[in-house]
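Asks: In terms of this note's numbering, the sequence shown is numbered consecutively and its last residue is 1452.
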Amino acid sequence: MNSKDGKITPKKLRDSFQYAFSGIADMLREESNARIHCIVTVLVIIAGFIFRISTAEWIGVALAIGLVISAETFNTAIERLADVVQPEQDSRIRDVKDLAAAAVLLCALAAAAVGLIVFVPKIIALF
1326 MNSKDGKITP KKLRDSFQYA FSGIADMLRE ESNARIHCIV TVLVIIAGFI FRISTAEWIG
1386 VALAIGLVIS AETFNTAIER LADVVQPEQD SRIRDVKDLA AAAVLLCALA AAAVGLIVFV
1446 PKIIALF
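#1: Exposed or buried, which one is G1391 when buried takes at least 16 other CB atoms within 10 Å?
#2: So is A1381 buried or exposed if we call it buried at 16+ other beta carbons inside 10 Å?
#3: Since V1378 and V1386 should fall inside the 8 angstroms C-beta cutoff, what is the C-beta to C-beta distance between them, to a whole number of angstroms?
#4: What residue range is occupied by the uninterrupted alpha helix (DSSP H) comprising I1361?
Okay, structure coming up:
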């Protein structure tokens, strides 16, 4: 986004956002796990409105959602770069991809914990 002279122009800023949105669209088009994360995100947001979660709970949910989707994006970028750098099977590349996938899993587990903390008491209160 920054030019060599350090100036940020409206065009450079607009271009940066266009590149980012293009990356999001590409990930959603090509990565089934990203689509699953987005479906779960929509469901969680709907549940948040249904259960009228507090501002603090929304903050936790929003951070958890952002964490998982960001991790999935980094994972996708790492996998694609690894495939370009080493198209053939390589145990080192496999290990890198496994680590990136593990990061997504850990973020998803943390997000699930947030979801349980926020929503389970509200579900229990219905009974």
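C-beta: ideal position from N, C-alpha, C; glycine also.
Replies: Walking through what the data contain:
#1: exposed
#2: exposed
#3: Reading off the sequence, residue 1378 comes out as Ile, not Val. Contact flag correct, Cβ pair sits at about 7 angstroms.
#4: S1357 to I1375
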